[in-house]
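Asker: Before anything else, here's the structure in question.
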Amino acid sequence: MKKFRKVLDGLTTSSPGGGTMGSPSCGSAAGTPTTAAPTPKEIDVQETLVSENFQLCKTVRHGFPYQPTALAFDPVQKILAIGSRSGGVRILGRPGVDCFCQHESGAAVLQLQFLINEGALVTACADDTLHLWNLRQRRPAILHSLKFNRERITFCHLPFQSKWLYVGTERGNTHIVNIESFILSGYVIMWNKAIELATKTHPGPVVHLSDSPKDEGKLLVGFESGTIVQWDLRVKKADFRIYYDEAIHSVSWHHEGKQFMCSHSDGSLTLWNLRNTSKPIQVTFPHGKIQKDGRKESCKPILKVDYKTSRNSEPFIIFSGGLSYDKAGRRPTLTIMHGKAITVLEMDYPIVEFMTLCETPYNNEVQDPYAVVVLLEKDLIVVDLTQSNFPVFENPYPMDIHESPVTCTAYFADCPPDIIPVLYSIGAKHKKTGYSQKEWPVSGGMWTLGSHTYPEIIITGHADGSIKFWDASAITLQMLYKLKTSKVFEKPKPNEGRAAELVDDDPFAVQMVSWCPQSRIFCVVGISSHIILYRFSKYDANTQIVSLEVRLQCDPEDVISPSENENNPCFSEPHSGSHSPQPHHQHPVSPGGGTPESFKDSTPCLKVKDRVVRVPPGYQAELVIQLPWIDGEPPQQISSLDINSAYGLLAFGNCNGLAVVDYLQKTILLCMSTLDLYGAADPYQRLTRSPRRNRQSTSGLTELSDNQQSVDMERSKSPTSGYASRRAMLQQLHGVTMYSHDEHHTATPYCWSDRESRENSFSRSRSSSVSSIDRDTKEAITTLQFGESFGRKSDTLPTPCLWVGTSLGVIILIPMSIPTDQEERMEEPVTIGPCGAVLMLKGSVLRFGFLDCMGAHIQSPYEVWRDLNAPEDPDRPRKRKLVHYSPSSSQDTCGEGHLAIVCSERQAKVFLMPSQSCLFVHNITESSFVLRADVVSVWNSVCLACFCANGHVMTLSLPSLRPLMDVNYLPLTDMRIARTFCFTNGGQALYLSSPTEIQRITYSQEMYDNLQEMLGELFTPTETPEAQNRGFLKGFFGGNAHTFDREELFGEAAAGKASRSLAQHIPGQGGVEGMKVAASGAVGELARARIALDERGQRLGELEERTALMMTSAESFSKHAHELMLKCKDKKWYQF
597 MKKFRKVLDG LTTSSPGGGT MGSPSCGSAA GTPTTAAPTP KEIDVQETLV
647 SENFQLCKTV RHGFPYQPTA LAFDPVQKIL AIGSRSGGVR ILGRPGVDCF
697 CQHESGAAVL QLQFLINEGA LVTACADDTL HLWNLRQRRP AILHSLKFNR
747 ERITFCHLPF QSKWLYVGTE RGNTHIVNIE SFILSGYVIM WNKAIELATK
797 THPGPVVHLS DSPKDEGKLL VGFESGTIVQ WDLRVKKADF RIYYDEAIHS
847 VSWHHEGKQF MCSHSDGSLT LWNLRNTSKP IQVTFPHGKI QKDGRKESCK
897 PILKVDYKTS RNSEPFIIFS GGLSYDKAGR RPTLTIMHGK AITVLEMDYP
947 IVEFMTLCET PYNNEVQDPY AVVVLLEKDL IVVDLTQSNF PVFENPYPMD
997 IHESPVTCTA YFADCPPDII PVLYSIGAKH KKTGYSQKEW PVSGGMWTLG
1047 SHTYPEIIIT GHADGSIKFW DASAITLQML YKLKTSKVFE KPKPNEGRAA
1097 ELVDDDPFAV QMVSWCPQSR IFCVVGISSH IILYRFSKYD ANTQIVSLEV
1147 RLQCDPEDVI SPSENENNPC FSEPHSGSHS PQPHHQHPVS PGGGTPESFK
1197 DSTPCLKVKD RVVRVPPGYQ AELVIQLPWI DGEPPQQISS LDINSAYGLL
1247 AFGNCNGLAV VDYLQKTILL CMSTLDLYGA ADPYQRLTRS PRRNRQSTSG
1297 LTELSDNQQS VDMERSKSPT SGYASRRAML QQLHGVTMYS HDEHHTATPY
1347 CWSDRESREN SFSRSRSSSV SSIDRDTKEA ITTLQFGESF GRKSDTLPTP
1397 CLWVGTSLGV IILIPMSIPT DQEERMEEPV TIGPCGAVLM LKGSVLRFGF
1447 LDCMGAHIQS PYEVWRDLNA PEDPDRPRKR KLVHYSPSSS QDTCGEGHLA
1497 IVCSERQAKV FLMPSQSCLF VHNITESSFV LRADVVSVWN SVCLACFCAN
1547 GHVMTLSLPS LRPLMDVNYL PLTDMRIART FCFTNGGQAL YLSSPTEIQR
1597 ITYSQEMYDN LQEMLGELFT PTETPEAQNR GFLKGFFGGN AHTFDREELF
1647 GEAAAGKASR SLAQHIPGQG GVEGMKVAAS GAVGELARAR IALDERGQRL
1697 GELEERTALM MTSAESFSKH AHELMLKCKD KKWYQF
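This is the structure in structure tokens:
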């Protein structure tokens, strides 16, 4: 615990290093103050945060696994695993049980194999490495790895209750791995031994391995070319060989082990009987019809087939693919053949893998399938096989985050407790129906609500204009409510209107959101330069949406740009330069949206519905603000927004200027260029320059293409060459053209990605962003914040103010006068005074925050929510109830004023208001720049959290700006992370780790310590189902499956050691000790109790055996004694 004291003189206080880079460190940049500050007093802020309070780690990942590649299911534990192309593995159980693992190599996962009911998983990756994961701990770890050096892995198979894993390779060989030691056995099935010696061609890679249900000592090996071999593991020779003309994709056994089915590349299914393997007993083309000329239609390959028997009905034959080629435009299908009925299920995305879920884990019993898990490229569905219409189950996981590409995110922790139930009740009315009535079949693991939980909400904005509210409490994610902003507008006709010219495909795309949970006021900024204000109501209503047009457009000849020769501001005499600012013409708009006569031809990008519409309960649009086209030029995208429910005001800005709207009276209070905001207090010398007219770049939310990312990221790491990349990133991040006075102006043009992938980008680039910045260097409004503050040094009481931050590092305070009485507020105009203080710091301003003089966070004032559509109650009239956090409440202890925290992309400063003295300054980064910053509460205190473009996550103490944490966490690989990264209270943050997944992280040591309790258990001790009694005849005639000893064949004693150069064993991080440590939780307690019970039973059994032995011994002694008595009975004493 450390105390920071600083004596303020109110006039000339400066901080170390504050004058570097030619920027002022303190005070007002507007010239000589007119009055002196109040009497200086000593500030005493007791800071409680230390470095030990911070620890950065990932908590949970939500959404659909991006680019999935593999699927596995444990039928006893009932958990599901999904592998991805980037080396990730998601393990899912009952809702709340959701775990993400990542291979360090990043190699794609080719195949997954559960050790059924053992709490372990084998992954085979594209770098030819096998990994064994321990799932008996809440955070799975790798126990062993085995790297193949000379052969490439193509297929793996692990028989149930076996410790020997069969591994097929690209060369056609089959190796055997001991799962316990992860060492290769010396037993190898070489491809040239498996096929006949007379065969001249190589059979191709191994595409299938499975043991015969009738005899575990027989291994079926399928080669890509169409060759199938059944290998007798005991005698080391082939029982039979099948040579088929068509390539094989998959093989599936009948449970009796007498037949198997193959799927082929020509869209056919072949059924083979082991009695006669010379030809298939059946060849079918399920989707191939006979044409008029008698030939079969050519069909696509059937990539996988499952042949499952049912006790009470005909067998199920389930396969993917096989459609005829001539049916263009057909969607991917899953076909279910049940008896004579054929059902074709069309999917929205290509099928990656599917798996049939059966009642038994034994492959030699009747399977009784009850569901099919289908893994698609962008979705996961489960089909109910127990009902004739095959309905799908309702997915309890948030797999539809990417239903439309995510364009922005917002994260709110510690929300009002009533907001989540209210949103859920409204959203539940619009849920889809027609799902299966049965419970979700993936029900494994255990999860309980932890003790360290509080209401959390995540908001995602999407390219189609939709907004989704998610309940994110207790590190879970559940959809609450969906809002469609496009319903506010008329449907644009194809290739018609201004929207079509500005944004081709997604005119409603959400660029930014602002939400006040207390008042439930919600604001949405769209890419078509529009803002929609929503109010929440539990009742439906008939409403007419009010529309306002705001002209934040400046004439091309009046664009004010910094001097090319004088990029640094002049601080000595800020308004005495030879180049005076040119007058900037504004065009005010009447409240009804009317325009002057000369501007009637200007139109906004979208047309708002101008009729009375019926709106359902939930968020209802009240006001739409649009920036229209002017003289053929599109409006610049909105770069900043803030709304305050207590004031009833909304402020927004772009690279042209600032506008303030009174949304209660539906009037425009202020519409002014950035230059005019300064008045006579402009800190820069400027000259008038007329740039080239160019069309607006609409790539504000696009992603960088794959080959461009690495180049840009390398440049952003370099302090000398990173400027072009930085400007390009800021252009995409804010959607505006910006200029910062601490940058060079040499840049090469960049081209943004085209529409190669819809999930990464949703607007086409029209021009080079960087070149447009160089030509059009305007000062953008980058951040806004309403709050109670002191607009001028002479102020003695706080008043409503608007803090304005610009891309040139300038902070402008605008004081306002707002009527306090409710009736006056609706009738009297809000007056905005001339600009007050002008402060400066390096880099574009990102965030404001306010503390009182004791270091406590000052929240913005807000209005308590009231339902305007509720029935009138004469006893309780609806009045506005405002909540204020005034900084003057602590005047008695520390004098008047409050502390203002300002963070830019380069540095952070703390000012004392109203004296405007700079107390502390900290240069956050020189070689990179800050992308996101926020004042957040953690450990019952506050700090400044920053995320930099070089991947560093930092926290700084407040108000002293002392570094507390600096972790090189995440290299910024694409714009998605920069656009979606956001901090929240409680030491949490999130970002979009892929187009389909949200990654949540924590930087709080407290949450890090409690994370183990919050995560779900993947493994629960479960009895393995007993195998069915096969009966005497089946056991007699069905072979000797139960007498097969793999250890005897594959162990080192019989098979010897494998070549060391063939594969390399790599010990994992978990190790065997990790398994023992993992058993210390609740699962471990159950396991120990079970072991103790077994040991007690064993001891009781041993006692029973000893008792039986004693009884036998006593009976034997009694018998011998009786025989001796009979022998000696008639003898006299002298005969002995």
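For the sequence shown, the numbering used here begins at 597 and goes up steadily by one.
Every residue gets a Cβ at the ideal spot worked out from N, C-alpha and C, and that includes glycine.
Between which two residues does the beta strand (DSSP E) carrying K1080 extend?
Answerer: Working through the sequence shown from its first residue, we reach residue 1080 at position 484. Counting along the chain, the beta strand (DSSP E) containing K1080 begins and ends at Q1074 to K1080.
Asker: Identify every residue that forms a DSSP beta bridge with L761.
Answerer: By 1-based counting over the sequence shown, the position of residue 761 is 165. The partner list for L761 (beta bridge, DSSP) reads V773.
Asker: Would I1407 and L1435 be called neighbours here (beta carbons separated by less than 7 Å)?
Answerer: Start at 1 with the first residue of the sequence shown, and residue 1407 comes out as number 811. Start at 1 with the first residue of the sequence shown, and residue 1435 comes out as number 839. In this structure, L1435 lies closer than 7 Å to I1407 by Cβ.
Asker: Below 6 Å CB to CB, which residues in the same chain sit around T1616 once its five sequence neighbours on both sides are set aside?
Answerer: By 1-based counting over the sequence shown, the position of residue 1616 is 1020. Taken in chain order, the residues that qualify are M1042.
Asker: Taking just the CA atoms, how far does T1521 sit from E1501?
Answerer: Sequence index remark: in the sequence shown, residue 1501 carries index 905 (1-based). Sequence index remark: in the sequence shown, residue 1521 carries index 925 (1-based). Cα to Cα, E1501 sits roughly 8 Å from T1521.
Asker: Whole angstroms is fine: what's the gap from I886's alpha carbon to V970's?
Answerer: Position 290 of the sequence shown, counted from the start, is the residue given in the question as residue 886. Position 374 of the sequence shown, counted from the start, is the residue given in the question as residue 970. The alpha-carbon atoms of I886 and V970 are separated by roughly 30 Å.
Asker: Can you tell me the Cα-Cα spacing of L899 and H845, whole angstroms?
Answerer: If you number the sequence shown from 1, residue 899 lands on position 303. If you number the sequence shown from 1, residue 845 lands on position 249. Cα to Cα, L899 sits roughly 5 Å from H845.
Asker: Compare the Cα-Cα distances from S741 to each of R732, H727 and Q733 and report the closest residue.
Answerer: For the purposes of this step, residue 741 is taken as residue 145 along the sequence shown, with counting starting at 1. Checking every option, the nearest Cα to that of S741 belongs to H727.
Asker: If distances are taken between C-alpha atoms only, which option among R734, W729, G715 and V672 comes closest to H699?
Answerer: Stepping through the sequence shown from its first residue, residue 699 is reached at position 103. Among R734, W729, G715 and V672, the Cα nearest to that of H699 belongs to W729.
Asker: Does DSSP classify K896 as helix, strand or coil?
Answerer: Walking along the sequence shown from the start, residue 896 turns up at place 300. If DSSP states are grouped into helix, strand and coil, K896 belongs with coil.
Asker: From P1103 to G1061, what does the alpha carbon distance come to, in whole angstroms?
Answerer: In the sequence shown, residue 1103 corresponds to position 507, counting from 1. In the sequence shown, residue 1061 corresponds to position 465, counting from 1. The straight-line gap from Cα to Cα measures roughly 8 Å.
Asker: Quick check on the DSSP output: what are the complete beta strand (DSSP E) runs of length 3 or more inside the stretch 1542 to 1629, in order along the chain?
Answerer: Whole beta strand (DSSP E) segments, 3+ residues: 1548 to 1553, 1559 to 1564, 1578 to 1580, 1584 to 1590 and 1593 to 1600.
Asker: Can the beta-carbon of L1540 be found less than 7 Å from the beta-carbon of V1549?
Answerer: Here residue 1540 is taken as the residue at index 944 of the sequence shown, counted from 1. Here residue 1549 is taken as the residue at index 953 of the sequence shown, counted from 1. In this structure, V1549 does not lie closer than 7 Å to L1540 by Cβ.
Asker: On a Cα-Cα basis, can you pick out the residue from P1591, L1586 and G1228 that is closest to K654?
Answerer: What you label residue 654 is simply residue 58 of the sequence shown in a count that begins at 1. Ranking P1591, L1586 and G1228 by Cα distance to K654 puts L1586 first.
Asker: Under 7 Å between the Cβ atoms of L1129 and Y1077?
Answerer: As a first step, residue 1129 is located in the sequence shown; it is residue number 533 there, counting from the start. As a first step, residue 1077 is located in the sequence shown; it is residue number 481 there, counting from the start. Not closer than 7 Å, so no.
Asker: Whose CA, out of E1384, D1448 and H1480, lies closest to the CA of V1506?
Answerer: Within the sequence shown, residue 1506 is the residue found at index 910, counting from 1. Taking only the C-alpha atoms, the option nearest V1506 is D1448.
Asker: Check whether the Cβ atoms of V1146 and I1221 lie closer than 7 Å to each other.
Answerer: Walking along the sequence shown from the start, residue 1146 turns up at place 550. Walking along the sequence shown from the start, residue 1221 turns up at place 625. Contact: yes.
Asker: Three or more C-beta pairs closer than 8 Å, one from the stretch 1235 to 1252 and one from the stretch 1112 to 1127: is that the case here?
Answerer: Enough Cβ pairs lie closer than 8 Å, so yes.
Asker: Checking 7 Å against the spacing of the C-beta atoms, do I1054 and Y993 come in under that value?
Answerer: Position 458 of the sequence shown, counted from the start, is the residue given in the question as residue 1054. Position 397 of the sequence shown, counted from the start, is the residue given in the question as residue 993. In this structure, Y993 does not lie closer than 7 Å to I1054 by Cβ.
Asker: Along the chain, where does the alpha helix (DSSP H) that runs through Q1418 open and close?
Answerer: Looking up residue 1418 in the sequence shown gives position 822. Segment Q1418 to E1423, the alpha helix (DSSP H) holding Q1418.
Asker: Specify, as a first and last residue, the run of the alpha helix (DSSP H) that F1640 falls within.
Answerer: Translated into positions along the sequence shown, residue 1640 becomes position 1044. Taken as a continuous stretch (DSSP letters only), F1640 belongs to no alpha helix (DSSP H), as it is neither H nor E.
Asker: Please check the pair G683 and V705, which I expect to be a contact at CB under 8 Å, by giving their CB distance rounded to whole angstroms.
Answerer: By one-based count along the sequence shown, residue 683 stands at place 87. By one-based count along the sequence shown, residue 705 stands at place 109. Confirmed, about 6 Å.
Asker: I want to know whether the stretch 860 to 875 touches the stretch 826 to 846 - three or more CB-CB distances under 8 Å.
Answerer: Yes: the two stretches touch, three or more of their Cβ pairs being nearer than 8 Å.
Asker: Select from T797, D811 and K810 the residue whose C-alpha is nearest the C-alpha of T823.
Answerer: Counted from its first residue, the sequence shown places residue 823 at position 227. Nearest option by C-alpha distance: T797.
Asker: What is the DSSP secondary structure of E949, reduced to helix, strand or coil?
Answerer: Locating residue 949 in the sequence shown gives position 353, counting from the first residue. Three-state DSSP puts E949 in a strand.
Asker: Using 10 angstroms around the beta-carbon of K974, count the other beta-carbons present and answer buried if the total reaches 16, otherwise exposed.
Answerer: Taking the sequence shown and counting its residues from 1, the one referred to as residue 974 is at position 378. Flag for K974 reads buried.
Asker: In this structure, what does DSSP give as the bridge partners for L941?
Answerer: Numbered from its first residue, the sequence shown carries residue 941 at position 345. L930, per the DSSP bridge assignment.
Asker: On the CB-based measure, 16 or more other CB atoms within 10 Å of its CB, does C1724 come out buried or exposed?
Answerer: Here residue 1724 refers to the residue found at position 1128 of the sequence shown. Exposed, since its Cβ has fewer than 16 Cβ neighbours within 10 Å.
Asker: To which residues of the same chain is Y1458 closer than 7 Å at the C-beta, ignoring the five residues directly before and after it?
Answerer: Reading the sequence shown from its first residue, position 862 is the one you call residue 1458. Around Y1458: C1112, Q1114, S1115, S1241, A1242 and V1479.
Asker: To the nearest angstrom, how far is it from the Cα of P1212 to the Cα of N1581?
Answerer: As a working mapping, residue 1212 is identified with position 616 in the sequence shown. As a working mapping, residue 1581 is identified with position 985 in the sequence shown. Roughly 32 Å separates the two Cα atoms.
Asker: What is the rounded straight-line gap between the Cα of P736 and the Cα of Q1665?
Answerer: Position 140 of the sequence shown, counting from 1, holds the residue named residue 736. Position 1069 of the sequence shown, counting from 1, holds the residue named residue 1665. For P736 and Q1665, the distance between alpha carbons rounds to 10 Å.
Asker: Taking I1226 as the reference, give the member of V1257, S1125 and L1273 with the closest Cα.
Answerer: In the sequence shown, counting from the first residue as 1, residue 1226 sits at position 630. Among V1257, S1125 and L1273, the Cα nearest to that of I1226 is on S1125.
Asker: Can you say whether D1258 is buried or exposed, counting buried as having 16 or more other CB atoms within 10 angstroms of its CB?
Answerer: Position 662 of the sequence shown holds residue 1258. D1258 should be labelled buried.
Asker: By Cβ distance, which residues of its chain are closer than 6 Å to N649, with the 5 residues on each side in sequence left out?
Answerer: Taking the sequence shown and counting its residues from 1, one reaches residue 649 at position 53. Counting only Cβ-Cβ distances below 6 Å, and skipping sequence neighbours, we find W1535 and Q1601.
Asker: Cα separation between N769 and M1707?
Answerer: By one-based count along the sequence shown, residue 769 stands at place 173. By one-based count along the sequence shown, residue 1707 stands at place 1111. If you take the alpha carbons of N769 and M1707, they lie about 60 Å apart.
Asker: Please tell me whether K1203 and E1086 are closer than 7 Å, where the distance is taken between their beta carbons.
Answerer: Here the question's residue 1203 lines up with position 607 in the sequence shown. Here the question's residue 1086 lines up with position 490 in the sequence shown. Contact: yes.
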